[in-house]
Structure formats: structure tokens, C-alpha cells
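This report refers to the structure that appears directly beneath it.
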Amino acid sequence: RRGDLHEMREILDYAQDRGLTSQEFGFPRKSYAAPTISLGFFAKSCKNPVHVAAYHGNIRALERLEARGFDLTALDKFGRVRFSTGNFFWYFVRLLVARPSGAGGDGGSEIDTTVSIFRTTLVTPLHCAVSTGQLETVRWLLSRGASAQTRAQSLVRSDRVPPLFLAEHAEIARELLVHGADPLVIPDPGFMNTLTALQMAYLRRNYAVAQELEEWGGDVALTPFHLAAGRNDVRAVRKFLSHKTDVDCLGEMGYVGLNRRTPLHWAAISGAREAADLLLEAGADPNFQDARGRSPLHWAARLNKLDAVRSLLRAGAEPNLADREFMTPLMCAAFALDASRELFSELTRAGADVDYQVPSTGDTALHVAVRQTNESSALAIVACGGDLMAMNAEGLRPLDCTTSTRLLFEIKRAAGQRDVMISYTHSHLEFARKLRQSLEEANVTTWLDLMDPSGIGGGAVWREEIARGITNASVVLCVLTEDYAQSEWCLKELALAKQVGTPILAVSTEGVSIGEELQVYLYTRQLIPFEPAITSSRRQAKQVEYAYEEATYQSQFRLLLDGVRDEIEKHRHAAQKKNVASRRRLELADGTDRLSSVGTMLETFNGAALSQDLENPTVGSGSQRQRQFVFLSHGDKHANFVQQLLSELSDADVACYSDRSVDGQDFESRIHAAQTAILRCSCFVVVVSEQTMSSEIVRDQLAFAEDKGRPIFPVVLNDLDPGLDKRYSLVRSELFHFMANGMSFKSSVDCLLKGLRRQCAVVQDIGHDSYIARESTVTRNLESLAGLEDDTLDLSSTRIRM
Numbered sequence: 025r026r027g028d029l030h031e032m033r034e035i036l037d038y039a040q041d042r043g044l045t046s047q048e049f050g051f052p053r054k055s056y057a058a059p060t061i062s063l064g065f066f067a068k069s070c071k072n073p074v075h076v077a078a079y080h081g082n083i084r085a086l087e088r089l090e091a092r093g094f095d096l097t098a099l100d101k102f103g104r105v106r107f108s109t110g111n112f113f114w115y116f117v118r119l120l121v122a123r124p125s126g127a128g129g130d131g132g133s134e135i136d137t138t139v140s141i142f143r144t145t146l147v148t149p150l151h152c153a154v155s156t157g158q159l160e161t162v163r164w165l166l167s168r169g170a171s172a173q174t175r176a177q178s179l180v181r182s183d184r185v186p187p188l189f190l191a192e193h194a195e196i197a198r199e200l201l202v203h204g205a206d207p208l209v210i211p212d213p214g215f216m217n218t219l220t221a222l223q224m225a226y227l228r229r230n231y232a233v234a235q236e237l238e239e240w241g242g243d244v245a246l247t248p249f250h251l252a253a254g255r256n257d258v259r260a261v262r263k264f265l266s267h268k269t270d271v272d273c274l275g276e277m278g279y280v281g282l283n284r285r286t287p288l289h290w291a292a293i294s295g296a297r298e299a300a301d302l303l304l305e306a307g308a309d310p311n312f313q314d315a316r317g318r319s320p321l322h323w324a325a326r327l328n329k330l331d332a333v334r335s336l337l338r339a340g341a342e343p344n345l346a347d348r349e350f351m352t353p354l355m356c357a358a359f360a361l362d363a364s365r366e367l368f369s370e371l372t373r374a375g376a377d378v379d380y381q382v383p384s385t386g387d388t389a390l391h392v393a394v395r396q397t398n399e400s401s402a403l404a405i406v407a408c409g410g411d412l413m414a415m416n417a418e419g420l421r422p423l424d425c426t427t428s429t430r431l432l433f434e435i436k437r438a439a440g441q442r443d444v445m446i447s448y449t450h451s452h453l454e455f456a457r458k459l460r461q462s463l464e465e466a467n468v469t470t471w472l473d474l475m476d477p478s479g480i481g482g483g484a485v486w487r488e489e490i491a492r493g494i495t496n497a498s499v500v501l502c503v504l505t506e507d508y509a510q511s512e513w514c515l516k517e518l519a520l521a522k523q524v525g526t527p528i529l530a531v532s533t534e535g536v537s538i539g540e541e542l543q544v545y546l547y548t549r550q551l552i553p554f555e556p557a558i559t560s561s562r563r564q565a566k567q568v569e570y571a572y573e574e575a576t577y578q579s580q581f582r583l584l585l586d587g588v589r590d591e592i593e594k595h596r597h598a599a600q601k602k603n604v605a606s607r608r609r610l611e612l613a614d615g616t617d618r619l620s621s622v623g624t625m626l627e628t629f630n631g632a633a634l635s636q637d638l639e640n641p642t643v644g645s646g647s648q649r650q651r652q653f654v655f656l657s658h659g660d661k662h663a664n665f666v667q668q669l670l671s672e673l674s675d676a677d678v679a680c681y682s683d684r685s686v687d688g689q690d691f692e693s694r695i696h697a698a699q700t701a702i703l704r705c706s707c708f709v710v711v712v713s714e715q716t717m718s719s720e721i722v723r724d725q726l727a728f729a730e731d732k733g734r735p736i737f738p739v740v741l742n743d744l745d746p747g748l749d750k751r752y753s754l755v756r757s758e759l760f761h762f763m764a765n766g767m768s769f770k771s772s773v774d775c776l777l778k779g780l781r782r783q784c785a786v787v788q789d790i791g792h793d794s795y796i797a798r799e800s801t802v803t804r805n806l807e808s809l810a811g812l813e814d815d816t817l818d819l820s821s822t823r824i825r826m
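So for the sequence shown, my numbering puts the first residue at 25; every next one is plus one.
This is how it looks when you write it as C-alpha cells:
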């Protein structure tokens with residue numbers, strides 16, 4: 025009671041030294057055995073220190089007592105009667121003087137109210153901890169195997185309650201329910217205590233506990249039929265059915281339960297499969313909705329009762345039925361702790377929509393599971409095909425709904441998403457693998473290509489995988505070694521990362537300086553040196569292996585990890601910001617063309633203001649320069665491209681007016697506003713494609729700009745998608761654009777020739793002799809293959825150009 029651990033240890037050591045812990049004496053099990061109630065009233069026992077420690081929340085004392093063999097589930101009288109003249113007077117006076125009724129109405133704990141000369145109650149240490157609100161002690165006892173369903177023993181029937189009836193804190197109630205406490209238990213049905221834990225909470229006005237119980241299916245006491253179904257009492261259920269009791273009854277004597285639940289609801293909440301099967305065979309409605317609009321399937325899924333879910337689905341329960349909060353059974357299952365993959369598989373196999381979105385919030389089941397940090401539920405939803413990219417009404421993906429790095433790591437790994445792509449030469453595979461292991465131990469998903477491109481000839485599938493990995497990664501990690509810059513594959517990986525905007529971090533292991541070719545992609549400040557951690561290296565065949573000083577390696581790795589996590593967070597916040605902005609633009613569009621939502625990226629000029637400027641000839645040149653802008657003509661085509669182009673122009677501080685339709689504006693007003701803007705613009709940019717050239721708006725605007733002498737910049741849009749594998753192959757190559765109709769052919773050829781001559785000059789400088797015919801080499805120009813049979817050719821020394 026005093027919490028003196030030193031004194032307690034001395035006593036326990038004394039008992040051990042004197043041999044009291046032997047089988048003969050049986051300390052402490054025999055000394056603190058559970059007492060029995062004698063003569064129907066009294067029980068004699070020694071005060072158990074486990075109960076005292078639990079009552080006061082002394083976990084360290086409990087740990088020491090457990091180590092010495094004390095029983096953590098033993099029953100004992102916590103409240104005791106003292107036999108003295110004064111105590112006898114007090115006990116008998118309390119029989120005559122009325123006290124406030126209810127649980128703990130006198131201000132003491134629930135256990136304290138059970139102390140009387142004619143009233144003996146035996147409780148577990150868990151009862152003691154719950155009654156005094158010791159949350160950590162409750163968790164500790166439950167983790168050591170204490171049962172949340174054990175009832176107190178007492179002569180007074182109303183005192184035979186489980187720990188849940190003593191809970192005054194919502195967190196403690198939740199812990200008990202998670203560990204199997206029954207929210208529908210009635211301690212003494214038909215006699216003195218016919219209240220459920222939910223009713224007790226309402227009587228105490230403890231609405232936090234009441235709300236927690238309702239989330240776990242708690243209900244008010246209804247009929248014996250409901251109780252039998254909840255207890256899985258098959259015999260009693262058969263008896264009620266044989267007496268033609270209404271299988272979907274909601275109460276008795278004309279009264280309907282507060283939550284309007286049927287016996288099948290109670291069976292589903294308790295997971296009573298046999299009782300549920302009997303009720304369904306008798307015609308119980310599997311889709312009956314209670315006051316919250318929830319069917320028995322909702323509750324079975326919410327509380328992870330797999331057998332009940334299977335029975336209900338076989339009986340025709342609707343897997344996509346929505347309750348009053350628009351929640352389907354699968355959405356409810358996302359709230360369940362430790363929900364199995366089989367539960368979600370059963371629901372999806374029966375037709376449940378795994379990507380169903382709540383109309384009010386746009387959340388999917390995966391959003392819910394991630395927000396609730398239910399790892400098992402989230403992984404099960406991903407395994408059943410849940411969409412990681414689905415956005416809710418706020419524009420948030422499921423991965424944006426948590427900050428738990430562990431949860432994000434597990435979900436991304438299960439879904440095949442990787443945050444880091446490691447770029448390395450295959451000669452240094454050992455170091456790359458060590459980096460990957462270190463990153464994954466830090467909950468960072470990593471992709472490492474283990475296929476040597478030289479062995480497969482750089483196949484299209486391999487190239488596509490590399491390109492996809494780089495494009496989807498948050499950061500590319502470059503392992504800079506002596507042979508890195510000589511690898512064309514590695515340079516292409518860096519080039520593609522820069523092209524798609526994936527940040528690049530680098531680590532060095534061999535003290536390689538960054539040459540001109542690598543300076544395009546890497547910055548010295550982004551380089552983490554691992555040379556101090558490498559004590560020696562060994563070269564074997566084509567492999568290089570290092571020996572490490574582990575403490576230094578971990579120190580350098582922490583520097584790298586900080587940079588990697590920063591880039592991952594930047595990528596996540598950028599994606600989140602982009603999604604939120606996209607969602608808001610779509611909401612502003614309110615069903616109109618998506619292009620009308622790009623106004624947040626533009627600097628638009630009001631048509632009336634432009635007209636006023638035109639009418640005012642005294643506008644100074646300085647003011648006019650301040651109002652310079654570019655007009656973009658697109659004819660409401662290629663919305664995504666136009667939005668991207670406008671964004672880039674805006675980032676470059678180029679003010680742009682994009683012609684677009686506005687709600688409430690007629691076509692004539694739009695034409696007038698566009699013409700006014702063209703008159704005032706500095707440059708006219710037109711998107712040239714097959715679609716825009718067939719647009720009457722673009723044709724008219726182009727003709728008007730030409731008439732007024734505006735500088736015209738045609739942007740030719742090619743909608744060809746070469747695929748990720750070709751994109752990877754061409755990433756370091758300059759693209760030369762030609763139009764099939766021959767337009768601008770000469771300028772395109774000039775660009776091509778310029779590139780060819782530049783490359784030929786480089787090759788000639790590198791090895792001029794390899795392109796000059798040797799004396800023994802004859803170069804022939806043949807107009808055709810005719811006459812070759814008459815010539816005798818030395819093919820080893822002859823070059824044939826065709």
C-alpha cells in the first residue's frame with residue numbers, strides 16, 4: 025500500500041530463505057488462495073498484495089509479485105469488515121439511514137459500496153484496477169492474461185459483475201472491450217440486476233463510457249430471447265422459436281428497445297454463429313436495420329465476427345447496404361481492430377465495393393483504416409484491391425491520413441509502392457543491399473533492381489520497370505562509385521529522374537569526384553560520404569565488397585536518412601497539396617469543363633478593365649509594361665496540357681490570360697473578352713493539334729491575332745505516348761520534331777543536321793583513325809547489288825555502304 029518496494033523485496037527474500045516457497049508451505053499460492061464464502065455470508069482471507077498493488081496502480085510491485093509466483097487472477101475480499109464496537113454501530117446505522125442509490129453514488133468506488141457485515145464480495149486484481157481508473161495497470165494485467173469476463177463472486181446477486189461494470193473512463197472501457205468484454209452481458213437477468221453496462225453508464229451520466237459502449241454494440245436490456253441469442257444459448261433459442269416467438273421482435277409488452285435491434289443483431293454482435301444460424305433458418309431478416317440503420321452484417325463486420333459474417337452472407341445479407349451515416353459493412357469493418365484478411369475477402373467476394381466512398385466525406389474504407397491506425401485492416405483492404413490513390417472530399421489520399429511511418433511503410437510495401445529507388449552499378453551490389461536493409465529497418469520502402477541489364481540486353485520490360493520505379497519514387501539514391509559515370513544505364517536513370525522531377529541524393533564509397541557529366545544531375549551538398557565507415561575493400565571477379573566500422577556507418581546513415589525522410593515528406597506534402605487544389609478546382613467548376621478550374625494558376629484580366637484601358641488613350645508606357653501578358657488560345661481542348669503549360673508560365677513570372685468559359689457568360693461576351701485581351705497582349709500563343717485546328721474559336725482567334733499584328737507562337741502538341749521503356753531509352757537523347765504534312769520541314773532538318781554534325785565531330789575527335797580507311801581497307805559505294813558475283817571481295821577488309 026505504501027509502495028515500499030525495498031521492504032517488499034526484503035519480505036519476499038525472507039520467505040524464500042526460510043523455505044516458505046517450497047511445495048510443503050506453498051508460498052505464495054497457498055497462503056493467498058481464493059477464499060470461499062462460508063455460511064452464506066462470511067469469507068476469511070489474508071489481504072492479497074496483488075489486489076492492493078492493482079488498486080493503487082503500482083505496476084513495479086505487480087511485476088515483482090508476478091516474478092515471485094503470485095496469482096494475478098486470484099479472487100480476494102478487497103473491502104473488509106473490522107469487528108469493533110464502533111464499526112458495529114456504523115454498520116447497523118447504515119441499515120437504517122438511506123443513502124443515494126446507483127453505482128458509487130456516495131462518492132466511493134464501486135468496490136467500496138460492497139463492504140458490509142452481511143455482504144461479502146470477492147474480486148480479481150483487474151476489478152480493483154478498473155474501479156480506481158488505473159489505465160496502465162489495466163493494460164498490464166490484460167497483457168498478462170487477466171480475463172475481462174471474470175465476474176465477481178458474492179452472496180448478493182447484483183454484485184456479481186464483470187470489470188466492465190466498474191469502468192468510469194472510456195479508455196479503460198475500450199481496453200476491456202478489445203480484450204473480450206461482453207457489452208451485452210446482464211449480471212442477474214430476471215432478478216436484482218437486470219441492467220447492461222450501457223444502462224449503468226447512462227445512470228451514472230458517464231456519457232463518454234456510454235458512447236464507447238455504443239460503438240461496440242452495447243444496448244439496453246431487452247427480452248430473454250435477445251439474451252439467449254447473445255449468449256449463443258441454442259437450447260433457449262430453440263425453445264423461444266418453438267413457442268412461435270416473433271423472430272424479429274424488438275421488445276416485449278408493447279415496448280420497443282432504444283436501438284430497435286432484433287435477436288439476430290445481438291447474435292451478430294456477440295459472434296454467436298449457432299444462434300444466428302437458427303434465427304436465419306427460422307426466417308430472421310438479415311437486412312433488418314436498427315435505429316442507426318445498421319444491419320446484423322454491419323455489426324458482425326464492425327466487431328470482426330468472421331463466422332457470423334459468413335452465416336449472414338450465406339443467408340442473403342446485402343453487403344452494400346448503407347446505414348444512416350452512409351457506412352457499408354465493409355466500411356464498418358475498417359474500424360475493427362485486428363480485422364483479418366478473410367473478413368474483407370468474404371465481403372468483397374459477396375459483392376462489397378472495396379472502393380465505396382461515403383457521400384458526405386468521400387472517404388473509402390482504406391481512408392478509415394489508415395486514419396484509425398488499424399494496420400491489419402488497412403493491409404487487408406489493400407490485399408483486396410483497395411485504391412491507394414482514391415481522393416476524398418478534401419483531396420486526401422489514404423496515405424495522407426496518417427503520420428505513422430511504420431503504418432505507411434507496411435501499406436506501401438504491401439501495395440508495391442516504393443519511396444526510394446537505388447541507382448547503382450551491379451559491381452557494388454553488396455553495398456546497395458546493405459543500404460536497402462538499413463532503409464527498410466527505418467521504415468522506408470526501397471526498390472533495388474537486381475537484374476543486370478547486360479545479361480538481358482536491356483529488354484523493354486526491364487526498361488519499363490526502371491522507368492516506372494524512378495517516376496513513382498519520392499527520391500532516387502545514387503551510389504557513386506568509380507565505375508558509376510562509365511555506366512550508360514546509371515546516367516540514363518539520373519537523366520530520367522531529372523526529367524520527371526524526382527529528387528536525387530547521392531552517397532559515395534570510393535572518394536570519386538563529381539565530373540562535368542554528373543554535375544548536371546548531382547550537387548556536392550547532396551553527397552553523403554561513406555568512406556569514413558569503410559575499413560577495407562575486396563574485389564572478387566566483378567564484385568566489390570566492403571568491411572565496415574559499424575558505428576561510423578550508422579552515423580553516416582543517419583545523415584542520409586534525414587535527407588531521405590525530408591524528400592519523402594516534401595513529395596507527400598506536394599502530392600497532398602496538388603490533390604487538394606485539384607479537388608477544389610473541380611468543386612468550383614461545379615460540373616463545367618475541367619479547364620474552367622485552372623483559374624487559380626492564371627493571372628487573368630477582367631474583360632471590362634481591359635476595355636476601359638482601350639478606351640483610355642492616355643495610359644502611360646510604364647503602366648502598359650506592367651500590364652504585359654501572354655494570351656493562350658486552346659479552344660477548350662487538352663485541359664491537362666494547358667493547365668501544365670499555364671503553371672510553368674506562372675512559375676516563370678509570365679502573366680497569362682487563358683480563354684475559357686465562365687458560368688453565366690454567354691458566347692458573345694466570351695468572344696468580345698478574348699478579342700479585347702488579344703489586342704492588349706504582348707504575345708499570342710496557340711496550341712496546334714488536330715483537335716484545336718478543328719475548333720472555330722481557335723481559328724477565329726488566330727485570324728484576329730494575325731490581323732492585329734500580334735507576335736504568334738505556335739505550340740505544336742504531339743499526343744504520342746511512347747511508353748515507359750522507350751522513354752527510358754530516349755531520356756538522354758535530344759528530340760527532333762517533324763510534322764507529317766511537311767510544315768516547317770526545313771527548320772526541323774536544320775536542327776537534326778546540327779545535332780548529327782555535333783555528334784560526328786565528337787566521335788571524330790575521340791577516335792579519328794577508326795573512321796579513316798586503313799591502307800588494307802577498301803570502301804566501295806555500290807548503287808546496287810548487281811555484279812557482286814563477278815567481283816572477288818575480301819569481306820574482312822571491305823566496307824560496303826548501301
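Just so you know, even glycine gets a beta-carbon here, dropped at the ideal spot from N, CA and C.
CB of residue i within 8 Å of CB of residue j, strictly
i, j, result
"Y380", "F455", "no"
"A197", "V233", "yes"
"A357", "R326", "yes"
"V468", "V394", "no"
"F449", "N416", "Correcting the residue type first, residue 449 is Thr in the shown sequence and not Phe. Contact: no."
"A341", "A300", "no"
"L472", "A438", "no"
"A306", "L251", "no"
"C273", "F249", "yes"
"L878", "A77", "Nothing about residue 878 can be reported from this structure: the residues present for the chain run from 25 to 826 only."
"D443", "S498", "yes"
"T533", "E517", "no"
"V261", "A308", "no"
"S369", "C408", "yes"
Where residue i falls, given that 16 or more other Cβ within 10 Å makes a residue buried
i, result
"I736", "exposed"
"A727", "exposed"
"A797", "Residue placement at A797 is flagged as unreliable, the pLDDT there being 42, under the threshold of 50; a coordinate-derived value is accordingly withheld."
"P213", "exposed"
"L559", "Looking at the sequence itself, residue 559 is Thr, so the reference to Leu does not match. Burial call: exposed."
"C152", "buried"
"P207", "buried"
"G295", "buried"
"L474", "exposed"
"C784", "exposed"
DSSP beta-bridge partners of residue i
i, result
"E569", "R562"
"C502", "S447 and A530"
"V711", "V739"
"D331", "D331 is not bridged to any residue."
"L472", "I446"
Proximity winner among the options, relative to residue i (alpha-carbon distances)
i, options, result
"A253", "E238, Y226 and T286", "T286"
"N283", "L302, A77, L777 and L237", "L237"
"S335", "H289, R562 and T161", "H289"
"T247", "R259, Q223, E276 and K263", "E276"
"Q715", "V709, R723 and D411", "R723"
"L741", "Q725, F665, L777 and V162", "F665"
"L354", "L367, A466, R348 and G241", "L367"
"Y279", "R262, L303 and A245", "A245"
"K732", "V709, L744, L703 and S718", "L703"
"F581", "D675, A519 and L463", "L463"
Proximity test, Cβ basis, 8 Å: residue i and chain D
i, result
"Q523", "Annotation note: the requested chain D is absent from the structure, which comprises a single protein chain."
Near the ligand NAD: residue i beta-carbon under 7 Å from a heavy atom
i, result
"V740", "Here there are no bound small molecules, and the ligand NAD is not part of this structure."
Runs of alpha helix (DSSP H) lying entirely within the segment 352 to 384, each at least 4 residues, in chain order
DSSP runs (the alpha helix (DSSP H)) wholly in the segment 352 to 384: 353 to 357 and 365 to 373.
Which runs of the beta strand (DSSP E) at least 3 residues long sit entirely within the segment 380 to 457? Give them in chain order.
Entirely contained in the segment 380 to 457, the beta strand (DSSP E) runs reaching 3 residues are, in chain order, 444 to 447.
Ignoring anything shorter than 3 residues, give me the beta strand (DSSP E) runs that lie fully in the segment 153 to 232, in order along the chain.
Whole beta strand (DSSP E) segments, 3+ residues: zero.
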